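Since the structure comes first, as structure tokens, the remarks are kept for the end.
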Amino acid sequence: MLKRLRLGAFPALALMLSTNVIVLPALATDAAWARLARGGYTVLIQGADVSGTLSPTVDNSVDCSATQTLSDRGRQLAQKLGARFAARGVRIERVLTSSTCNARETARLSFGSIPTEIFKPLDPMPNDDASRQSTVDQMRAVISSFKSSGNLVMMTDRANITALTGIAPRPTEAVVVGPAEEGETIHIAGRIIFD
């Protein structure tokens, strides 16, 4: 009888564990949305690329109007991104973007009614350590000084997000951060999975 109980417990345990795996990202996403609804946070997002995923693409073109940077899927994903913020009632006050065309196009399609500003530290990470640290410090300074009832969006590259937060976001994931709390270099307030 004891053996039957043990064997019978495994399917129930497996079901509980699989449910937690499915529910935990949703709960994490909901908590991050709740924080953004209060305002005062920064959302780090990767620009969409030509393949239609939210991931970094380096382009060195100056004239973005002459460059096809996003695929149809990439454009749809960028538009959905902005619609999700609007549907949640999350107020975006400011949008900073790298100078790459894909990030600028993603920002325009996602948050078109909000003027975007190019912020060079959001460009692809430099190769040398001193410049990388300076870039991270400049991003951190903007995040720390942002005070608002709305939120700040930084459209950047995955490497920049990882250097700043230690998190390597999935292609359709945003990282929500705030000013550092005691013992932190930056406060990770949550993560949002879009797809």
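Numbers 1 to 195, taken from my numbering, label the letters of the sequence shown in order.
For glycine and all other residues, C-beta sits at the position ideal for the given N, C-alpha and C.
Here the structure is a predicted model, which is why all the values come from computation and not from measurement.
Check                                                                                                                                                        : Outcome
Would you kindly work out how many angstroms separate the C-alpha atoms of Leu96 and Arg140, rounded to a whole number?                                      : 13 Å
Considering only the beta carbon of each residue, do Leu109 and Gln79 sit closer than 8 Å?                                                                   : yes
For Gly39, which of helix, strand or coil comes out of DSSP?                                                                                                 : coil
In the DSSP output, which residue or residues are listed as bridge partners for Arg154?                                                                      : Reading off the sequence, residue 154 comes out as Met, not Arg. In DSSP, Met154 forms a bridge with Leu44 and Leu96.
Strictly under 8 Å for the Cβ-Cβ distance: is Glu173 near chain B by that measure?                                                                           : Note that chain B does not occur in the displayed structure, where there is just one protein chain.
Leaving out five residues on either side along the sequence, give the residues of the same chain with a beta carbon under 6 Å from the beta carbon of Gly82. : Ser110 and Phe111
Buried or exposed: which applies to Glu181, given that a residue is buried once 16 or more other Cβ atoms fall within 10 Å of its Cβ?                        : exposed
Cα separation between Arg88 and Tyr41?                                                                                                                       : 15 Å
How about Met125 and Leu44: are their beta carbons less than 8 Å apart?                                                                                      : no
So, at 6 Å on beta carbons, what are the nonlocal neighbours of Ala159 in its own chain, with the 5 sequence-adjacent residues on each side left out?        : Met125
Which same chain residues end up closer than 8 Å to Ala163 when comparing Cβ atoms and leaving out the 5 residues on each side of it in sequence?            : Met125, Arg132, Thr135 and Val136
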